[in-house]
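Q: So the sequence shown is residues 18 to 142, counted in the working numbering.
The beta carbon of each residue, even a glycine, is placed where N, CA and C say it ideally should be.
Note that the structure is a prediction, hence the values are computed from the model and not measured.
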Amino acid sequence: MTIKSRKEYLQAIRVRYHHARKPEKPPILNEFCINCGYHRKYALRLLTGKKTKKKSHAKSNPKPVYQDKDLLVCLKRIWFATDQMCSKKLRAAIPLFLPFYEQEYGVMGKKETAPVLWCNGLKPQ
18 MTIKSRKEYL
28 QAIRVRYHHA
38 RKPEKPPILN
48 EFCINCGYHR
58 KYALRLLTGK
68 KTKKKSHAKS
78 NPKPVYQDKD
88 LLVCLKRIWF
98 ATDQMCSKKL
108 RAAIPLFLPF
118 YEQEYGVMGK
128 KETAPVLWCN
138 GLKPQ
């Protein structure tokens, strides 16, 4: 059966299915499944015309926006140096990586150091 003929057949059977009483519906559904090769559940959805609801994703909290580009560069460098580890592990690793970061890229200014340490619950010195 071609797709066009299946759609035509669906329209014809749908009218029959809607006007049928409850005991008459299973044979109509069986006939439709056999002729089109659909599973019963899918055929039932086609015949009733109900659309399946897509699960809506829960809205998460807004992501923090870093206005300072230098801070973002520092955080990205540390993140890549730690092989892009997850945020929980990265938070614990930042204080350990700061000395190596300063050896590689130079000392960070107070402007970058304070937010990096603040996100870890540490006080900048």
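Using a 10 Å radius around the Cβ and a threshold of 16 neighbouring Cβ atoms, would you call Tyr59 buried or exposed?
A: In the sequence shown, residue 59 corresponds to position 42, counting from 1. With fewer than 16 other Cβ atoms within 10 Å, it is exposed.
Q: Kindly confirm or deny that the stretch 91 to 98 and the stretch 107 to 121 touch, where touching means at least three C-beta pairs closer than 8 Å.
A: Verdict: yes, contact present.
Q: Is it true that the CB of Cys53 sits closer than 8 Å to the CB of Arg23?
A: By one-based count along the sequence shown, residue 23 stands at place 6. By one-based count along the sequence shown, residue 53 stands at place 36. Yes, these two residues count as a Cβ contact at 8 Å.
Q: When DSSP labels each residue in this structure, what does Pro79 get in the three-state scheme?
A: Position 62 of the sequence shown, counted from the start, is the residue given in the question as residue 79. Three-state result, Pro79: coil.
Q: Using the C-alpha atoms, what's the distance from Lys67 back to Ser104?
A: In the sequence shown, residue 104 corresponds to position 87, counting from 1. In the sequence shown, residue 67 corresponds to position 50, counting from 1. Straight-line Cα distance between these residues: approximately 42 Å.
Q: Is it right to say Phe117 is buried, meaning 16 or more other beta carbons lie within 10 angstroms of its own, or is it exposed?
A: Walking along the sequence shown from the start, residue 117 turns up at place 100. Phe117 should be labelled exposed.
Q: Taking only three categories from DSSP, how would you classify Thr65?
A: As a working note, residue 65 is residue 48 in the sequence shown. Thr65 falls in the helix class under three-state DSSP.
Q: Take the Cβ of Tyr122 as the centre, count every other Cβ of all protein chains shown within 10 Å, and call the residue buried at 16 or more, exposed below.
A: To locate residue 122, count along the sequence shown from 1; it is residue 105. By the 10 Å Cβ count, Tyr122 comes out exposed.
Q: Using a Cβ-Cβ cutoff of less than 8 Å, which residues in the same chain neighbour Thr99 once the five nearest sequence positions on both sides are dropped?
A: Taking the first residue of the sequence shown as 1, we reach residue 99 at position 82. Hits under 8 Å: Lys106, Leu107, Ala110, Phe114.
Q: Residues in the same chain with beta-carbon distance under 6 Å from His36, minus the five sequence neighbours each way, listed in chain order, please.
A: Translated into the one-based positions of the sequence shown, residue 36 becomes position 19. No residues qualify anywhere along the chain.
Q: Give a yes or no on whether the C-beta atoms belonging to Tyr34 and Ile20 are separated by under 8 Å.
A: Numbered from 1 along the sequence shown, position 17 holds the residue referred to as residue 34. Numbered from 1 along the sequence shown, position 3 holds the residue referred to as residue 20. Contact: no.
Q: What does the alpha-carbon distance come out to for the pair Cys91 and Pro79?
A: Reading the sequence shown from its first residue, position 74 is the one you call residue 91. Reading the sequence shown from its first residue, position 62 is the one you call residue 79. Looking at the two C-alpha atoms, the distance is approximately 22 Å.
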